[in-house]
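Engineer: To start, I am sharing the structure in question, which I have written as structure tokens.
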Amino acid sequence: MRKSVIIKIIRIFFALVVTGGVLWLFNMNFPMSRQIEVNAVLGQDKPMISRLGPDPRLKIEDDYQIILENPVYFDLRSLSWFTQSRIEIVYQEWGRKLVGMAGKVGAEWQYLEIKPLMISDYGDGWQQAVFSFDMTKLYHERNIRRFIISTEGETGSKLKIKSIKVILLR
Amino acid sequence: MKLKNILKSDLLLELNQIIFKAAFLSFILAVIFEYFAPGFVMNWFNPIWLLLVSIINVILAVLKDNIT
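From first to last, the protein sequence lines are chains A and B. Per our numbering, numbering through the first sequence is continuous, rising by one, with the last residue being 170. Per our numbering, numbering through the second sequence is continuous, rising by one, with the last residue being 1068.
Written out as structure tokens, the structure is:
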């Protein structure tokens, strides 16, 4: 095979790789299903969803996130065309109750608190609370929106979190 | 001196240039997308890898120039 043919094939291959990459990105950001599911990795920062903070109010125990004090927050980076979000938290109350969630609506300490849409009891001690947010009402800096998880309980009480799932809807 | 022979071949230089162009163009595209829609790229992929590939290609090109 002549050298020029090999070069041509390599060139076409890389052109296809770049085009494919761009198409893949568009597919990820404009999914056909009109929704994206994001699962938080407890205790770890991920590109779309941060870990819970601040650290002194939290700890990780057996891969579960334990909330020791109120309130705790996490950040979510989502694109502007996702106008609605549904947040599902699976948790267990150890003396500390899940009161609700709040989304940051202003540059300062301004939060819009909402109650869970529904709470399902799994029967094995775990419960799932579902929250719905209008993302257009939330304040953001470079597409990063802050959410607060609000709990109440006495000192020493805990709320154990198993998972946090965010579903972004267009 | 096998490495020297490989580095001397034109095919490698061409390949080097193609990879550099593809990686750097992709990096520039990623930066533009990310500037106008933060999270468009960074939510799925860190474009710093593309810059790294570009830099490695530049280093290889310089290395080849010095050897040949």
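We treat Cβ as the ideally placed atom computed from N, Cα and C, and that holds for glycine.
Going along the chain, which residues of its own chain have a beta-carbon closer than 6 Å to the beta-carbon of Y139 (chain A), five neighbours each way excluded?
Structural biologist: Correct list, in chain order: K104, V105, G106.
Engineer: So, does the CB of V1028 (chain B) fall closer than 8 Å to a CB anywhere in chain A?
Structural biologist: Correcting the residue identity first, residue 1028 (chain B) is Ile in this sequence and not Val. Chain A contact via Cβ: absent.
Engineer: Per the DSSP calculation, T136 (chain A) is bridged to which residue(s)?
Structural biologist: None, per the DSSP bridge assignment.
Engineer: What residue from A:N143, A:F147, A:I87, A:Q44 has the CA that sits closest to P116 (chain A)'s CA?
Structural biologist: P116 (chain A) has its Cα closest to that of A:I87, out of A:N143, A:F147, A:I87, A:Q44.
Engineer: May I have the straight-line CA-CA distance separating I144 (chain A) from P47 (chain A), to the nearest angstrom?
Structural biologist: If you take the alpha carbons of I144 (chain A) and P47 (chain A), they lie about 11 Å apart.
Engineer: I want to see whether chain A comes within less than 8 Å of V1058 (chain B), judged by CB atoms only; does it?
Structural biologist: So, not an interface residue.
Engineer: Cβ of A40 (chain A) within 7 Å of any heavy atom in the ligand FMN?
Structural biologist: This structure lacks the ligand FMN; in fact it carries no ligand of any kind.
Engineer: Taking all protein chains shown into account, decide if M101 (chain A) is buried (16 or more other Cβ within 10 angstroms of its Cβ) or exposed.
Structural biologist: So M101 (chain A) counts as buried.
Engineer: Kindly indicate which residue of A:I67, A:K160, A:L25 has the alpha-carbon position closest to the one of P56 (chain A).
Structural biologist: Taking only the C-alpha atoms, the option nearest P56 (chain A) is A:I67.
Engineer: For D1010 (chain B) and A1061 (chain B), what's the separation of their Cα atoms in angstroms?
Structural biologist: For D1010 (chain B) and A1061 (chain B), the distance between alpha carbons rounds to 11 Å.
Engineer: For P131 (chain A), tell me which candidate among A:S120, A:G125, A:D124 has the shortest Cα-Cα distance.
Structural biologist: Rather than Pro, the amino acid found at residue 131 (chain A) in this sequence is Phe. Taking only the C-alpha atoms, the option nearest F131 (chain A) is A:S120.
Engineer: Closer than 8 Å between beta carbons: that is the criterion. Which residues of the region 1026–1052 of chain B meet it against chain A?
Structural biologist: So the list reads S1026, L1029, F1033, A1037, P1038, G1039, F1040, V1041, M1042, N1043, W1044, F1045, N1046, given in the order they occur along the chain.
Engineer: If we cut at 8 Å on Cβ distances, does K165 (chain A) have a partner in chain B?
Structural biologist: Answer no: the Cβ-Cβ gap between K165 (chain A) and chain B never drops below 8 Å.
Engineer: Just to make sure I have the definition right: I need the residues of chain B whose C-beta is within less than 8 Å of the C-beta of M48 (chain A). Which are they?
Structural biologist: The answer, in chain order, is G1039, N1043.
Engineer: Taking 7 Å as the limit between beta carbons, can you name the residues of its chain near S1026 (chain B), skipping five residues before and five after?
Structural biologist: The answer, listed in chain order, is L1050.
Engineer: Can you tell me whether Q257 (chain A) is buried or exposed, with buried defined as 16 or more other CB within 10 angstroms of its CB?
Structural biologist: Residue 257 (chain A) falls outside the range modelled here, since chain A spans only 1 to 170, and no answer is possible.
Engineer: Output the distance between the C-alpha atoms of E1034 (chain B) and S80 (chain A), rounded to the nearest integer angstrom.
Structural biologist: Roughly 13 Å between the two C-alpha positions.
Engineer: Using DSSP with H/G/I as helix, E/B as strand and the rest coil, what is W1044 (chain B)?
Structural biologist: The answer is coil: DSSP assigns W1044 (chain B) none of H, G, I, E or B.
Engineer: Whose CA, out of A:A129, A:R146, A:Q128, lies closest to the CA of T136 (chain A)?
Structural biologist: Answer by Cα proximity: A:R146.
Engineer: Distance check for V90 (chain A) and W126 (chain A), CA to CA, integer angstroms please.
Structural biologist: Roughly 7 Å separates the two Cα atoms.
Engineer: Along the alpha helix (DSSP H) that carries N27 (chain A), what are the first and last residues, could you check?
Structural biologist: 3–29 is the extent of the alpha helix (DSSP H) around N27 (chain A).
Engineer: Report the CB separation of Y73 (chain A) from I148 (chain A) in whole angstroms; it is logged as a contact under 8 Å.
Structural biologist: About 5 Å separates the two Cβ atoms, so the contact holds.
Engineer: Please return the same chain residues whose Cβ sits closer than 8 Å to the Cβ of I1019 (chain B), not counting the five positions on each side in sequence.
Structural biologist: These residues qualify, in order along the chain: V1053, N1057.
Engineer: Name, please, each residue of chain E whose Cβ falls closer than 9 Å to the Cβ of L79 (chain A).
Structural biologist: Of the chains in the structure shown, none is chain E; the protein chains are A and B.
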